Every structure is written in C-alpha cells, then in structure tokens.
Amino acid sequence: MATSNSSSIMSSTFYLTGIPGYEEFHHWISIPFCLFYIVGITGNCMILHIVRTDPRLHEPMYYFLAMLSLTDMAMSLPTMISLFRVLWSISQEIQFNICVGQMFLIHTFSFTESSVLLAMALDRYVAICHPLRYAIILTPKLIVKIGIAALLRSSILIIPLMARLAFFPFCRSHVLSHSYCLHQDIIRLACADIRFNVIYGLVLITLLWGLDSLGIFVSYVFILHSVLRIASREGRLKALNTCASHICAVLILYVPMIGLSIVHRFAKHSSPLIHIFMAHIYLLVPPVLNPIIYSVKTKQIRQGIIHLICSPKISSITM
1 MATSNSSSIM SSTFYLTGIP GYEEFHHWIS IPFCLFYIVG ITGNCMILHI
51 VRTDPRLHEP MYYFLAMLSL TDMAMSLPTM ISLFRVLWSI SQEIQFNICV
101 GQMFLIHTFS FTESSVLLAM ALDRYVAICH PLRYAIILTP KLIVKIGIAA
151 LLRSSILIIP LMARLAFFPF CRSHVLSHSY CLHQDIIRLA CADIRFNVIY
201 GLVLITLLWG LDSLGIFVSY VFILHSVLRI ASREGRLKAL NTCASHICAV
251 LILYVPMIGL SIVHRFAKHS SPLIHIFMAH IYLLVPPVLN PIIYSVKTKQ
301 IRQGIIHLIC SPKISSITM
C-alpha cells in the first residue's frame, strides 16, 4: 500500500528545470527575465489603457490591437510564477493538475494570438481595399464575435490533448525540460501510446497555424495588388506603412513558434540550452516587442503613451 501511495504521489508531481549548468547564477539570470516581464506587462497595460480611454482610438484597428495585448499577457503570465519559483530556488515541483492548467493556457492563447493576427490582417485588407465600407463591415458587434470565436476555437480544440494526459501513466523521469509545462515536453515522459497526441497535435498546428498564416498571406496579396494601383509613391508608402507593425507582429510570433516546434520534433538530442532558449523566446518576445513596435510605428499609440507619461509630471508642476 505504501508503495502504491508513493507511486501515486510521484506520478502527480513533476520537476521544472531552470538553466542547466548555471544553477549558481539563477538569481542573476532572473534579473533580465524580471525586466522582460515588467516591460511586457507595462507596455501591454499602457496600450489597453490608451485604447480604452482615448475616444479617437475606438476603431477596429485599435480594438484588435487591444486583443493582441490581452492575448500576449495571457500567454506569458502563466509561466511567470513557475519561472521565478525555479530561478529564486523556492521550488521546482509542480503538481500535475497545475501543469495541465498551465499548458492549456499557454497553448490556447498562442493559437488565439494567431487568430487575432489573422483578424488584424483582414482589418488592414478592408481598410486599404475597401476604405469607404470600413466602418460598415467591421462593426463593434462583429469585432466582439471575432474575438470570442478566436478564443473558443483555440480552447475547445486543445481540450482533447489535455484530457488524454489524465489517463497517461508517467513512470519515467518526471523532470521537464523547461521552467513551465508544454504539451510536447510532457508527453515524452509518458509510458503509454502517445500516437494520438502526437498526430492530433500536428494536425492542430497544421490546421490552426496553417489556415491563419494562409489567410494572412492571401490578405496581403490583395493588399499589395490594391497598393500597386495607387498612383502616387507617397500614397503607396503611406498604405504600406499602416501594415508594417502588423507584419512585424506576425514575424515575432510565427518565427519563434515554428522554431520551437522544429527543435522539439527534429532536434530532440540537441543541447538542452537550445530548447530552453527557444521556449523562452517563444513566450517572452511577442509580449515585449509588440507594444514597442506599435508605439514606435503607430502615431496615435505613440502620442497616447507620451501623454500618459508626461501628464502626471505636468500635473505636479501646475500644483
């Protein structure tokens, strides 16, 4: 009975990994991670506040940008507590149910972010190719429906993968490769037939990311066709400039995402540092860079941030 209980306890507990070989520097390594999280959370919160409070930004483009900020934070925040618990030597243990919940949030919101980027591409297509019908097509009610549909699509389709994990025995090492839980990392520890999870996961990635990226590509084909018909060079540059931030957001999500998938599928025996490096880029780069890109490239957001930062100083001076 004691052995059975011990086995049950072991099977419900996993151990997270920091930076192998650099354990004595974990406290120092935590400093840049802390700065990244602060920059990402602050930047995205500022964008949400500016879009909410500035009536001039109550337009489809900025509503989608607010969705992007929400999904960025929702994708990265679940990893923050477990990461700092490991780096600050508080605990490396994580219970199975918490691990599954963390996986569900990470994968759901990464797929949701891909859908939001597709919606933003469609927004740019309508704005450039059908400017006179922009407000008629992209109504607030439609934008809300798009956001709900993106979240439901991602969360419902990810449930079968998470549900299957509850029936897997984990009799091998319970040490995970990262400081948080990923589906492709945990299934390799299962002592069971994982073919369904592997095949379903690949199909899910192909369908969701594939369809989203195809939709983005087709949208930009039509956008370029419309832009090239603009007579003036200044007009063409102005139209393309409105897409620059979105193109950057697409690249900083898809490139690390594809890189992490390739590393897990085809470089299983490579250095653990490569896996860890790619995993942290995948979760930290979009939330940190997206607010910076949009504040630099989008005049209205930049002005809103400057006003938000400077207004307290102006108020204190006048007092």
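Oh and the sequence shown: position 318 is 318 in full-length UniProt numbering, straight run, nothing missing. Every residue gets a Cβ at the ideal spot worked out from N, C-alpha and C, and that includes glycine. As the structure is a prediction and not an experimental result, all values here were calculated from the model.
Alpha-carbon spacing of residue i relative to residue j, whole angstroms
i                 : j                 : result
serine 219        : leucine 122       : 6 angstroms
alanine 178       : serine 115        : A quick correction: the sequence has histidine, not alanine, at residue 178. So the alpha carbons of these two residues sit roughly 26 angstroms apart.
isoleucine 252    : isoleucine 90     : 32 angstroms
serine 173        : alanine 192       : 14 angstroms
tyrosine 294      : alanine 190       : 42 angstroms
isoleucine 276    : proline 32        : 15 angstroms
cysteine 171      : isoleucine 194    : 14 angstroms
glutamate 23      : leucine 151       : 37 angstroms
histidine 246     : valine 100        : 31 angstroms
lysine 299        : proline 291       : 13 angstroms
methionine 120    : methionine 67     : 10 angstroms
phenylalanine 109 : arginine 153      : 11 angstroms
glutamine 303     : leucine 157       : 40 angstroms
arginine 133      : isoleucine 146    : 18 angstroms
isoleucine 128    : leucine 240       : 9 angstroms
cysteine 34       : proline 140       : 36 angstroms
glycine 21        : tryptophan 209    : 35 angstroms
isoleucine 38     : cysteine 310      : 20 angstroms
arginine 124      : valine 203        : 29 angstroms
glycine 215       : leucine 142       : 18 angstroms
glutamate 93      : threonine 242     : 46 angstroms
glutamate 234     : leucine 228       : 12 angstroms
tryptophan 28     : isoleucine 199    : 40 angstroms
proline 272       : leucine 83        : 16 angstroms
isoleucine 205    : phenylalanine 217 : 17 angstroms
alanine 249       : leucine 211       : 17 angstroms
histidine 26      : isoleucine 274    : 17 angstroms
isoleucine 148    : glycine 201       : 22 angstroms
leucine 207       : phenylalanine 111 : 11 angstroms
histidine 307     : threonine 42      : 15 angstroms
valine 221        : glutamine 102     : 37 angstroms
leucine 224       : histidine 58      : 26 angstroms
alanine 135       : isoleucine 258    : 35 angstroms
isoleucine 301    : histidine 130     : 24 angstroms
valine 263        : alanine 166       : 26 angstroms
Residue span of the alpha helix (DSSP H) that contains residue i, given as start and end
i                 : result
phenylalanine 104 : 96 to 129
threonine 71      : 60 to 87
leucine 273       : 272 to 297
proline 160       : 140 to 165
residue 325       : Only positions 1 to 319 of the chain appear in the structure, and residue 325 is not among them; the question remains open.
residue 321       : Here the chain covers residues 1 to 319 and nothing more, so residue 321 does not appear.
isoleucine 41     : 26 to 53
alanine 135       : 134 to 137
Strand pairing of residue i, partner residues [DSSP]
i            : result
glutamate 93 : Tyr15
valine 175   : Tyr15
Supposed close pair residue i, residue j - CB separation, criterion 8 angstroms
i              : j                : result
aspartate 72   : proline 287      : 4 angstroms
methionine 162 : phenylalanine 96 : Incorrect: roughly 11 angstroms between the Cβ atoms, too far for contact.
leucine 138    : proline 60       : 4 angstroms
leucine 87     : glycine 40       : The Cβ separation is near 17 angstroms, so there is no contact.
tyrosine 254   : serine 213       : 7 angstroms
7 angstroms Cβ shell around residue i - same chain, five flanking residues per side excluded
i              : result
aspartate 185  : Leu176, Ser177, His178
asparagine 197 : Leu161, Arg164, Ile187
leucine 260    : Met278, Ala279, Tyr282
tyrosine 15    : Gln92, Glu93, His174, Val175, Leu176
leucine 65     : Ile47, Val51, Tyr294
serine 30      : Phe84, Leu87, Trp88
isoleucine 305 : Met46, Ile50, Ser295
isoleucine 98  : none
8 angstroms CB neighbourhood of residue i in its chain, flanking five on each side removed
i                : result
isoleucine 106   : Met75, Pro78, Thr79, Tyr180, Cys181, Leu182, Leu283
proline 169      : Ser11, Ala190, Cys191, Ala192
phenylalanine 36 : Leu284, Val288
isoleucine 230   : Arg236, Ala239
leucine 117      : Leu68, Asp212, Ile216, His246, Ala249, Val250, Leu253
threonine 13     : Glu93, Ile94, Gln95, Phe96, His174
Residues near residue i in its chain [Cβ-Cβ closer than 6 angstroms; skip 5 each side]
i           : result
residue 324 : Only positions 1 to 319 of the chain appear in the structure, and residue 324 is not among them; the question remains open.
lysine 297  : Ala244, Ser245
serine 69   : Asn44, Ile47, Leu48
cysteine 63 : The sequence as given places tyrosine at residue 63; cysteine does not occur at that position. Around tyrosine 63: Ile143.
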